[in-house]
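These protein sequences, in sequence, are chains Y and A. If you read the first sequence in our numbering, its first letter stands for residue 600, the second for the next number, and so on. If you read the second sequence in our numbering, its first letter stands for residue 600, the second for the next number, and so on. Idealized CB from N, CA, C, for every residue including glycine.
Number of protein chains: 2
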Amino acid sequence: MTLQDLQLKHAGRLADAIAAVACRGYHSAYPEDPTHPAYADGSRAAGEAAVRAAWTQRDGAIRGEERSAFGAPFDTAYADEPVDAVLARAEAAAPAWAALDPVERAAVALEILEALQQRAFEMAFACMHACGQPFAMAFQAGTAHALDRALEAVAIAVREMGAYPARVLWEKPDARRPLRVEKTFEILPRGIAAVIGCATFPTWNSYPGLFASLVTGNPVVVKPHPTAVLPLALCVDTARSVLAGLGFDADVVQLLVDTRAAPKTKALALDARVKLIDFTGGPEFGDWLESHARQAHVFTEKAGVNAVLIESTGDYPGLVRNLALTLSLYSAQMCTTPQSIYLPRAGIRLQDGMTKTVEDFKADLAAAVAKLVADPVRAIELLGAIQSDATEARAVEAASIGEPVFASRRLAHPDLPDAVLRTPALYAVPPEALDTIAREHFGPISLLIVTEDADAALRHAHEVTRSRGAITWSVYSNDEAFVRRAKNAAADAGVHLTLDMTGPVLVNQSAAFSDLHVSGHNAAGNAALCDTAFVLPRFRVLQTRRYLAA
Amino acid sequence: MTLQDLQLKHAGRLADAIAAVACRGYHSAYPEDPTHPAYADGSRAAGEAAVRAAWTQRDGAIRGEERSAFGAPFDTAYADEPVDAVLARAEAAAPAWAALDPVERAAVALEILEALQQRAFEMAFACMHACGQPFAMAFQAGTAHALDRALEAVAIAVREMGAYPARVLWEKPDARRPLRVEKTFEILPRGIAAVIGCATFPTWNSYPGLFASLVTGNPVVVKPHPTAVLPLALCVDTARSVLAGLGFDADVVQLLVDTRAAPKTKALALDARVKLIDFTGGPEFGDWLESHARQAHVFTEKAGVNAVLIESTGDYPGLVRNLALTLSLYSAQMCTTPQSIYLPRAGIRLQDGMTKTVEDFKADLAAAVAKLVADPVRAIELLGAIQSDATEARAVEAASIGEPVFASRRLAHPDLPDAVLRTPALYAVPPEALDTIAREHFGPISLLIVTEDADAALRHAHEVTRSRGAITWSVYSNDEAFVRRAKNAAADAGVHLTLDMTGPVLVNQSAAFSDLHVSGHNAAGNAALCDTAFVLPRFRVLQTRRYLAA
């Protein structure tokens, strides 16, 4: 297939994506339903078989860092490449990739996304086992939504690269004859891009940066988290196959695997050849990258302390149900899951003038969670499994941080005895316990904070968010004046706001083409998926002026 | 006039500006010709009289830092305000300004620009005396072009603030009934903006940041260079009058004057309330701001070492004439004036197969410059006057840096005995003299560097630009292969390229709506006037999602 054919093939999807970004309504190019006809019959079984085969792939010196959170015999080996060799290959691959037109690179990127879609089940099973995601989430967030977010990033990058005309005549009126200067604008890449993946959402969080850097002309080195390599290895493998199949140097996209014992990320991040870094992970290393990798533009998504602020509601049962789901989904191993749940001391005002007391709420939420996780066979479809030993340990040790409203229980799955299943926990802590509150407890641990009134909660959450950052605030209120104050506080704290989530949509979910994920304006991260600022630093514009004599 | 009337009044000009930025052809909203009917009869005399009156304005504790480079009795006094009081007033003015719609603020900004246009002659005389600009330049670059660059920044900011819909319904298909979420996107300012002006082009260099920050909702504090206060004082005075006249708090735009003995810039730049800083000035302080004012987004235009690279030409007389003008204009007190002129040892190839030797070129350029400045009364219209004692001293001391091709001479103007007029100088230095070459000699001092061949010159200029930065490269060549190599070297060094300037357009000139001034990708500065990245950090987007129950 020629590049021109490829552009034609994907032109409609790209144009729709660019339009969707401007509208910010619902849009999706990759169906999230595994039974959708886009996914061929038999591809589920084939995908699962491919992942099982990958588990026993022994070609490489790095082994034993991944495990299946569901207890499967996961032991893939990966090549142990030196950073320098990978960067040298990336540099060698760079000029030919940079020489393409932005729209040509976009066509190649969309071809890679389509190839990834064709491996959707394989990717879903990889995400499920490496990250502990429930299968439905692994298919949706790990695969379909990740592809949508990648497409969104490509669309914004293409739009921005197209903001300059390739060539224009500047003609200035003058007394005798016009002055004429021919001006050209060329889009140039920045250099090598490093994408540093996380353990829980390696695809969803990495694809935007990966594809934005790729389409703007930069070779990409993907460095997965040592405990969640397979999903990004699949992604890189797919990208390389597509590149090679189209006659490009596959080294435009490379995988760099390391171990926790012998990490390579700092050497990669500080190398003078690396000009772009996308990082998802802990605040400590994210902060380090921001202050040390000064030769590169560093995009970070770190972590914060998300809040639910309940003032009043028109649908109390819906609130409780939604919150129980929110806390249970993937055992709260999401950067968007609320950690602090604020209640006014006087309880929750209902629309009919009644009030639900703090004790009512505790009992109702505990019951709703208990109902959701009552059956381990069904619970696993919601909770997934615990990705890391550290998260499991935190859940166990959390008992000491406050008065338990309900504690985290380990569930025994009848068919998967080694799966690490954990129910969410909620601990009541006083607002004064700032050491406990203003700290991320990643995993199934949330805190109930009862304050004097809803405005005190707002001030408290504002203070915590200003110091430690947050990605989400979820507010329940029928009082528009309170909502306005919440908006002002959220605005000042740099956190996006979600209101009155009482149905099946959860605050933890972020929709491509519509929702901004992370604001970039508090400690939870310095970049948003995906705004214009997420793509601009990935390319440069070279202007050339040539005087045209009359 | 209501805000709505104001929007209607300026809608056409704004729409034209937004369209012009996308086209990048010639566009201007503010005529550069002082005889254009846009400028009322008698306004020249009135403007000059107003500046003369300002010279003797004695209301303020700060005096004696400004002088007229043309020897006029310039002794304006300014108020000595504490940084904290100015910031406190800016903070107080902030909420009401932030509460306006972006398009409302744009209308106010365009009203201010129009009011500045009405004071065009006054501003031109202020720039002429404070900066030493020749009158024509003071009217064009100091006034009309500065207004165009301001309008360009406003246009880009309005376009980018409009990239999000105010409100959208997100409706996701679902098995039973669609999921519906109402989403709003609000544009929020960043905080207080500080604009730190320079001594030579206080308006042209400061307006883009000033107006971009203003239109995105941030109060602005303008801190002029102590030796060139009046132009920005006029600007702030005009802005405050327009704001007050429309019923806004005038403190949305404030002036902060300091002295070299008691500077206020560091205190201003490090204040936690200051979130945006636009700086034009020396590399040392620019670097300091970039690394120390970490609470703010810092936009810098520092300085570099600009190059002319001559390989061959189809119009040798045009080249010599253009270069003589380029070096003479405003006595090379422009950040865009070339400092290094590279020639191949074998001379300049002409189209007819002939060659101009290095000695030919030296003689021809010297003669062209001598002709331009032969008559001091006419020369002053090109050279202007020397803005600072330091520049004058550098020009005098430059004799030691190389072998003079032609030296800088002080010209005595018959009518203006105190005007500091200086002709440009050219010194031959060997390419090995990197200490001399890779250093800015601000003012009428250029270096002739003869290299083995044109490609050696390219490598040399590339190395200097990579280490010290550059804003312009001017290349003369008929050889498209060499031009391609020059483009690649320019791209790698992050400098925009100008080719074959042999007519009346000069490499030092940068046209609003068309030319990118500074690339942001080398040591000459981290921001470009005006690309999208120049406006994005000045505002934030707050997303609010509200679940809509069926």
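Which of helix, strand or coil DSSP assigns to residue i
| i | result |
| --- | --- |
| Thr1131/A | helix |
| Tyr941/A | strand |
| Ile661/Y | strand |
| Glu770/Y | strand |
| Ala906/Y | strand |
| Glu889/Y | helix |
| Lys608/Y | helix |
| Gln1108/Y | coil |
| Arg1009/Y | strand |
| His1059/Y | helix |
| Thr802/A | helix |
| Leu842/A | helix |
| Gln732/A | coil |
| Thr925/Y | helix |
| Thr742/Y | helix |
| Lys901/A | coil |
| Glu1031/Y | coil |
Chain-ordered chain A contacts of residue i [CB-CB under 8 Å]
| i | result |
| --- | --- |
| Val957/Y | Per Cβ cutoff of 8 Å: no residues; Val957/Y is ~24 Å from chain A at best. |
| Ala1132/Y | Ala1132, Leu1135, Pro1136 |
Chain A residues whose Cβ lies nearer than 9 Å to that of residue i
| i | result |
| --- | --- |
| Leu908/Y | Neighbours of Leu908/Y on chain A: none; closest Cβ ~13 Å, over 9 Å. |
| Tyr915/Y | The premise fails here: Tyr915/Y is roughly 13 Å from chain A at the closest Cβ pair, so nothing lies under 9 Å. |
Close Cβ partners of residue i (< 7 Å) along its chain, the five nearest in sequence each way excluded
| i | result |
| --- | --- |
| Ala871/A | Gln894 |
| Leu888/Y | Ala868, Ile876, Phe878, Val897, Thr899 |
| Asp1017/A | Gly670 |
| Thr1131/A | Ile755, Glu759 |
Contacts of residue i in chain Y (Cβ-Cβ under 8 Å)
| i | result |
| --- | --- |
| Trp769/A | Arg623, Gly624, Tyr625, Ala1110, Ser1113 |
Partners in chain A for residue i, counting only beta-carbon separations shorter than 7 Å
| i | result |
| --- | --- |
| Ser1066/Y | The premise fails here: Ser1066/Y is roughly 14 Å from chain A at the closest Cβ pair, so nothing lies under 7 Å. |
| Met1100/Y | Tyr1146 |
| Thr1097/Y | Arg1144 |
| Lys782/Y | Arg623, Ser1113 |
Chain Y contact residues for residue i, given Cβ-Cβ distances below 7 Å
| i | result |
| --- | --- |
| Leu787/A | Ala1090 |
| Pro764/A | Cys622, Arg623 |
| Glu1062/A | Here the premise fails: no neighbours, minimum Cβ distance about 15 Å. |
| Pro1103/A | Leu778 |
Cβ-based neighbour list, residue i, same chain, cut-off 8 Å, excluding 5 preceding and 5 following
| i | result |
| --- | --- |
| Pro975/Y | Leu1010, Ala1011, His1012, Pro1013, Leu1020 |
| Gly646/A | Arg718, Ala719, Phe720, Glu721, Met722, Ala723, Phe724 |
| Thr1097/Y | Thr1071, Trp1072, Ser1073, Val1074, Val1106 |
Cutoff 6 Å; reference residue i; Cβ partners in own chain excluding five residues on either side
| i | result |
| --- | --- |
| Gly913/A | Gln950, Asn1077 |
| Thr742/A | Ala719, Met722, Ala723 |
| Trp769/Y | Val780, Lys782 |
| Lys874/Y | Arg789, Gly790, Ala895 |
| Ala754/A | Ala616, Ile617, Val620 |
| Val685/A | Val820, Gln853, Leu855 |
| Arg1145/Y | Glu781 |
| Leu833/Y | Met722, Ala725 |
Outcome for residue i when other beta-carbon atoms lying within 10 angstroms are tallied against a minimum of 16
| i | result |
| --- | --- |
| Gly611/A | exposed |
| Met760/A | buried |
| Gly952/Y | exposed |
| Ala652/A | exposed |
| Glu1079/Y | exposed |
| Gly1093/A | buried |
| Ala644/A | exposed |
| Thr936/A | buried |
| Thr675/Y | buried |
Contacts that residue i makes with chain Y (C-beta to C-beta distance below 9 Å)
| i | result |
| --- | --- |
| Ser1118/A | Arg1139, Val1140, Leu1141, Gln1142 |
inquiry  = Against chain A, which members of the region 1070-1092 of chain Y pass a CB distance test of less than 7 Å?
reply    = Lys1086, Ala1089, Ala1090
request  = Scan the region 922-937 of chain A for residues whose Cβ lies nearer than 9 Å to a Cβ of chain Y and list them as they occur along the chain.
outcome  = none
task = Compile a chain-ordered list of the residues in the region 789-818 of chain A whose CB is closer than 8 Å to at least one CB of chain Y.
result = Residues of the region 789-818 of chain A with a C-beta atom less than 8 Å from some C-beta of chain Y do not occur.
ask   = In chain order, what residues of the region 671-682 of chain Y put their CB closer than 7 Å to some CB of chain A?
value = The residues in question: there are none.
Residues of the region 750-762 of chain Y whose Cβ lies closer than 8 Å to any Cβ of chain A, in chain order = Glu759, Ala762
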